[in-house]
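Single-structure report; data block below.
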Amino acid sequence: MKKNTTPGGNLLGKLYCNLFGHHYVVSNKVTGHIKEYKCAHCQKQVTTDVSGKLSILTPALREINMVLSDMYRKRQQRIKVVQNAA
């Protein structure tokens, strides 16, 4: 039996999203304010941009989010060390 799937998700999921809209779930927490989301039905990926709106997750934005996540994580670790020392 042949499945009706595409690399970006299945056809029924895309039809559902066209009719009712996307159902985004958090797929990656970059910082407290920036997150990456993935649609539960069609697998479309988006992220929050500088103004807080959802933007399509491009390879450039994915790389920016990875660097930002590393910087945020390191800063949080530094803050914890300073607070524990004080």
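Position one of the sequence shown corresponds to residue 0 (numbering that gives the first Met the number 0), numbered consecutively onward.
Ideal Cβ placement from N, Cα and C applies to all residues, glycine included.
All values reported here derive from a predicted model rather than from experimental measurement.
Through-space distance from residue 34 to residue 46, alpha-carbon basis: Here the question's residue 46 lines up with position 47 in the sequence shown. Here the question's residue 34 lines up with position 35 in the sequence shown. As the crow flies, the alpha-carbon of residue 46 is around 6 Å from that of residue 34.
Residue environment, residue 73, which counts as buried when at least 16 other CB atoms sit within 10 Å: On the sequence shown, residue 73 is found 74 positions in, with the first residue counted as 1. In this structure residue 73 is exposed. Its beta-carbon is surrounded by fewer than 16 other beta-carbon atoms within 10 angstroms.
Residues near residue 13 in its chain [Cβ-Cβ closer than 6 Å; skip 5 each side]: Taking the first residue of the sequence shown as 1, we reach residue 13 at position 14. Around residue 13: 41.
In DSSP terms, what residue 34 is bridged to: Locating residue 34 in the sequence shown gives position 35, counting from the first residue. The partner list for residue 34 (beta bridge, DSSP) reads 28.
Sequence-distant residues of its chain with Cβ nearer than 6 Å to residue 67 (five each side left out): The residue given as residue 67 occupies position 68 in the sequence shown. Around residue 67: 29.
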